[in-house]
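Using my numbering, read the sequence shown as starting at 57 and increasing by one per residue.
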Amino acid sequence: MEESKKVIFSGVKPSGDLTLGNYLGAIKNWVKLQEEYECYFCVMDLHAITVKQEPKDLRRRTLEILAIYLASGIDPDKNTLFIQSHVPAHCEASWLLTCCTYMGELSRMTQYKDKSKNSGGSISAGLFNYPTLMAADILLYQSNLVPVGKDQFQHLEMARNIAERFNKTYSDTFALPEAYTAKAGAKIMDLQDPTKKMSKSEKNVNGYILIMDPPEVIRKKVNRAVTDSLGVVKYNDEQLGVKNLMTILMTINNVTIEEIENKYQGLGYSQFKKDVAEAIVSELEPIQVKTKEYIGNKAYLEGIYKKGSDKASYVSNKTLRKMQKKMGFIPR
Ligand code: ATP
Ligand code: LTN
């Protein structure tokens, strides 16, 4: 029975403190999937260093992300939770896949184009090669589904193409992964510029809400969120700021567009914003309390990531050995 469960792989990279976008677009959905699937949830620290990181911040954030996974309700007994750099197969497989990937396809990636614009001229080769490491993460576990926000679809498509190419060249080796998105929360936008996604790498702190932001900061940021002068709470592309706040409310409170539009008819934005802020606060506060408890218990976290990397190493090495054998490497 256990063997027949479909496999899920996903992760967040510790390149900044996690935002409400990461929570609603990714982590919150994982919690719902853990009963039904065989899940691997990873902290993608190797992906974080594609842009410059302060070592002590990387260390702190790596453990904080693991604590946030647990605090959000991901059960370490039902899922494999681990840190990417603890499983060397990811780097090894990534090189093999790099040699099955074309420069042309890598250079078309939107994330690469966006991030290289902001890197001040010195773009690491890692940033360019990022999607092949991501393909390795996914393919090593024979993943069927990858729950990610919309911004990652292009990378996932690429992982699928690489898998198909490898299967065709060397015979069937990888399951073909598919993106999995929940209906709501797939893309939470920046509060100051609702044409771009909420990102932990954004310079303007008012653009994002962090999972660990104190309640008064959350209230202030929502209150300052950009809206418009129309004064009606309506879900449409003319009012991107309002639309984004509605998406947040829908995702957290599980309500429909119509319910929100009806409730705020004739009320303007002030009450609406207050309610959005309270919804966020009541969703995040219990997670913040638990996250702090887990961070205070390093030995417990260590037990989880060690057990996780043992399991992940075992599973991923099986696939890696197959890849090596098929490509013509002498078995060790
Ligand atoms: P950065 O902004 O530094 O590139 P990121 O937050 O986009 O980081 P990750 O930390 O790797 O990148 O993202 C982890 C997950 O969170 C991915 O599945 C991604 O799709 C999702 N995610 C990130 N931002 C948002 C957002 N604004 N809305 C919905 N999902 C998001
Ligand atoms: N690329 C993703 C993070 C990431 C990931 C993965 C997500 C790295 N490896 C494997 C799902 C599966 C991002 O930037 N959000």
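C-beta: ideal position from N, C-alpha, C; glycine also.
Indicate the three-state DSSP secondary structure (helix, strand or coil) for residue i in the structure shown.
i       : result
Phe-184 : helix
Thr-136 : strand
Phe-97  : strand
Phe-230 : coil
Leu-323 : coil
Ala-355 : helix
Ala-238 : coil
Phe-65  : strand
Pro-144 : coil
Val-273 : helix
Leu-201 : strand
Thr-106 : coil
Pro-387 : coil
Leu-340 : helix
Asn-279 : helix
Ser-365 : helix
Thr-157 : coil
Val-397 : This structure leaves residue 397 out entirely; the chain is present only between 57 and 388.
Tyr-291 : coil
Asn-318 : helix
Leu-196 : coil
Ile-83  : helix
Met-57  : Because the pLDDT at Met-57 is just 47, under 50, the model does not fix this residue reliably, and the value given afterwards should be weighed accordingly. Coil.
Count the other CB atoms within 10 Å of the CB of residue i; is the residue buried (16 or more) or exposed (fewer)?
i       : result
Thr-225 : exposed
Ile-386 : exposed
Tyr-168 : buried
Trp-86  : buried
Gln-425 : Missing from the structure shown is residue 425; the chain here goes from 57 to 388 and no further.
Lys-253 : buried
Met-245 : buried
Cys-147 : exposed
Met-57  : Residue placement at Met-57 is flagged as unreliable, the pLDDT there being 47, under the threshold of 50; a coordinate-derived value is accordingly withheld.
Lys-354 : exposed
Gln-321 : exposed
Thr-375 : buried
Lys-171 : buried
Glu-339 : buried
Arg-216 : buried
Tyr-356 : exposed
Asp-228 : exposed
Who are residue i's beta bridge partners in DSSP?
i       : result
Met-268 : According to DSSP, Met-268 bridges with nothing at all.
Val-172 : Here residue 172 is Ser; the residue named in the question, Val, does not match the sequence. Paired residue(s): none; Ser-172 is not in a bridge.
Met-245 : Lys-253
Thr-75  : Leu-266
Taking C-beta to C-beta, are residue i and residue j nearer than 8 Å?
i       : j       : result
Thr-136 : Gly-364 : yes
Met-214 : Ala-191 : yes
Ile-351 : Leu-119 : yes
Ala-149 : Leu-196 : yes
Ala-235 : Val-204 : yes
Lys-277 : Ile-265 : yes
Arg-117 : Pro-70  : yes
Met-100 : Val-143 : no
Phe-138 : Ala-368 : yes
Val-261 : Thr-283 : no
Lys-134 : Gln-198 : no
Ile-274 : Val-345 : no
Leu-152 : Met-383 : yes
Thr-347 : Ala-127 : yes
Leu-296 : Pro-250 : yes
Asn-292 : Lys-329 : no
Lys-256 : Gly-81  : no
Leu-423 : Ala-281 : Look at the range of the chain in this structure, 57 to 388, and you will see that residue 423 is not part of it.
Glu-110 : Ile-64  : no
Ala-123 : Ser-372 : no
Thr-237 : Lys-206 : yes
Thr-154 : Asn-174 : no
Thr-106 : Leu-212 : no
Ile-121 : Leu-74  : yes
Ile-179 : Tyr-125 : no
Thr-157 : Ile-218 : yes
Residues around the ligand GDP, please: the ones whose beta-carbon is closer than 6 Å to some heavy atom of it, in chain order. The ligand content of the structure shown is limited to the ligand ATP and the ligand LTN, which means the ligand GDP is not among them.
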